[in-house]
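Right, one structure below, let's go through it.
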Amino acid sequence: MKDKMSLDAEKLQQKINSAEQILVVYGQQADFSAVAVATTIYLWLRAQGKKVSLVSPALPVVEYSHLVGINKVKNQLSGENLVITLPFPAQTIERVVSDLNQQNDELSLIIKPKRGQESAHISQLPVAYQATDYDLFFLIDVRSAAELNSLGSVAANYWSRSERNFTWSDYANPCPLPADIAISLSKDLTYATFWSSFCKQAELELDADQASNLLMALEHDSDHFTAEKTNAETFELAAWLMRHGGQRFVEDKKVAQDFRPENHLPKIPKLIDFKQNATIVPTTL
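Every letter in the sequence shown is one number past the one before it in this note's numbering, and letter 74, counting from 1, is 69.
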């Protein structure tokens, strides 16, 4: 078993150490193995004390309900940067001034239009939150930029900064984005097998939840260890994961019966609610 590109453990850890906020994304068509690895990496990074978000354009399905961390997946990027788009041509604005009222600890942005310009309704003022500016991206089985753009409003170069991208795809569906670390799996190598092998060789510490997710994926990928491609390495990885607390999957029919995708999606609150009849009044400076 050999992947097209190896993963440098030291380089990866250096990137993680220097990152404060990390985003893990799995793609719209990601298979069980890719989702299992995405949730495992999310848990692994959290264990290192990192601020981590897990997102995907795909809704969780009942098949994934036993993966630890699947309830942390969001279908939208959380907003952080407030973006106000002015409904005027730039040449109609004389200047924009920030005003800090220190007594009330309030910051105002005062927009002074050029003489003769009409007032505008706040309902015409697009206000949104732009996604957090993460330090490191793990993009797992992402096959198109459209998948990422569907996650929310971002800056023009948000996904294309190669120095903060770790892309991970299979040989048939390459990731379209540039990356400082890019993994392309060979035909017979699954996401779970690759990550389990990497963790074992790099002597990474996994907890029971991480090991269970990977063990579940190994068993799924090998059709309960009966597939023709199952070999000694598969069993060695399974044993190693079990020594780290991994538990073999036992189907819970009640969990499957009661599964609802909406129950596995964290709620993202509505952040802004302007009154529709409010008016922007030109300010005299």
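Ideal Cβ placement from N, Cα and C applies to all residues, glycine included.
- Contact check between the segment 169 to 186 and the segment 127 to 145: three or more CB pairs, one atom from each, fall below 8 Å, which counts as touching.
- For Q23, there is no enclosing alpha helix (DSSP H), as DSSP gives it neither H nor E.
- In the structure shown, the three-state DSSP call for K46 is strand.
- Between W163 and K195, the C-beta gap is not smaller than 8 Å, which leaves the two residues out of contact.
- When DSSP states are grouped into helix, strand and coil, L104 belongs to the strand group.
- Contact between L2 and D204 is absent: CB atoms are separated by about 22 Å, not below the 8 Å threshold.
- Excluding the 5 residues flanking it on each side, K10 has same chain C-beta neighbours closer than 7 Å at L131, in chain order.
- Taking all protein chains shown into account, L62 has 16 or more neighbouring C-beta atoms within 10 Å of its C-beta and is therefore buried.
- In this structure P84 is exposed. Its beta-carbon is surrounded by fewer than 16 other beta-carbon atoms within 10 angstroms.
- Contact between T34 and N208 is confirmed by a C-beta separation of about 6 Å, below the 8 Å threshold.
- By the criterion of a C-beta distance shorter than 7 Å, Y21 is surrounded in its chain by A29, V30, A33, S51, I135 and D136, once the five residues flanking it on both sides are discounted.
- R41 and N144 have their C-alpha atoms some 25 Å from each other.
- T188 and L232 have their C-alpha atoms roughly 8 Å apart.
- Linking D165 to I178 through their CA atoms gives a straight-line distance of about 8 Å.
- Per DSSP, reduced to three states, the secondary structure at T34 is helical.
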